[in-house]
Each structure stands twice: as C-alpha cells, then as structure tokens.
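Asker: This is the structure I want to talk about, given as structure tokens.
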C-alpha cells in the first residue's frame, strides 16, 4: 500500500493519511523514514521488512546531514541529524513525534 504526503510516496501496511501504520498507530506516530537501501519512504522498519522481504539498510553517520525523515502532519523534510535533535517534535509544525522511536534508532541509523 502507498499514500502521498504532498509530493512524496510513503509505503506501509494499513496506513492512514499521516503515516501511522498497522505496527505503529498512536497519535504521535507521524513520521516516515527514507530507507537507505531503496531511498523510499516507509512508515516503519516492519513495513519495509514485510513489503520488501528484507530489513532496510541503516544510514551511515556520515550521511546524517541528508534529508531522510518526513513529517506526516506537515510534510516537512528533516535531515537525520535534525530529526535526532528535534526533541520529539517537528521543527516546522510542532507536531509531537513518538519519543519511543528512540529505542528503534539503531534499526535505521548507525
């Protein structure tokens, strides 16, 4: 399944219009991460695994300056560094991000 967030395609399973998916669907689960391996946005690691048949490759630290996170509320693009330093909210629209995502950073980022 895919949805459009402004000009960006986001892939996932049972998604809503703000990037929540079957795996993560709390009110503050509103980001999509561009996967390093395919450069496509996915709602979560599990959606990528199920739809692609493999886990996504992790972003190397020397590329944390690149935009790879999409806010599902306002469609802002964040660099990985900006996302990691955001204080769990979108710097553009102040939408809250799920602070529990920090436990999964190692699945996406080195």
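Numbering (this note's numbering), first residue to last: 1 to 110.
Heads up, the beta-carbon is just placed ideally off N, CA and C, and yes, glycines get one too.
Pairing CB atoms from the segment 37-57 with CB atoms from the segment 74-88, are three or more of them under 8 Å?
Answerer: No, because fewer than three Cβ pairs between the segment 37-57 and the segment 74-88 fall closer than 8 Å, the two stretches do not touch.
Asker: Short check: CB of residue 76 to CB of residue 94, under 8 Å?
Answerer: Going by C-beta atoms, residue 76 is not nearer than 8 Å to residue 94.
Asker: Pull up the distance between the alpha-carbon of residue 2 and that of residue 59, whole angstroms please.
Answerer: Distance between the alpha carbons of residue 2 and residue 59 is about 22 Å.
Asker: In the segment 12-47, which residue ranges form an unbroken beta strand (DSSP E) of at least 3 residues, counting only runs that do not cross its ends?
Answerer: Listed in chain order, the complete beta strand (DSSP E) runs (minimum 3 residues) inside the segment 12-47 are 31-34.
Asker: Just to confirm my understanding: we take residue 111, look at its own chain, exclude 5 residues before and 5 after, and list those with CB closer than 6 Å. What are they?
Answerer: Given that the chain is displayed from residue 1 to residue 110, the structure contains no residue 111 and the question cannot be resolved.
Asker: I need the straight-line Cα distance from residue 107 to residue 96, nearest angstrom please.
Answerer: Residue 107 and residue 96: Cα-Cα distance of roughly 21 Å.
Asker: Can you name, in chain order, every residue of its own chain whose Cβ lies under 7 Å from the Cβ of residue 37, other than the five neighbours on each side?
Answerer: Closer than 7 Å at Cβ, skipping near neighbours: 56 and 57.
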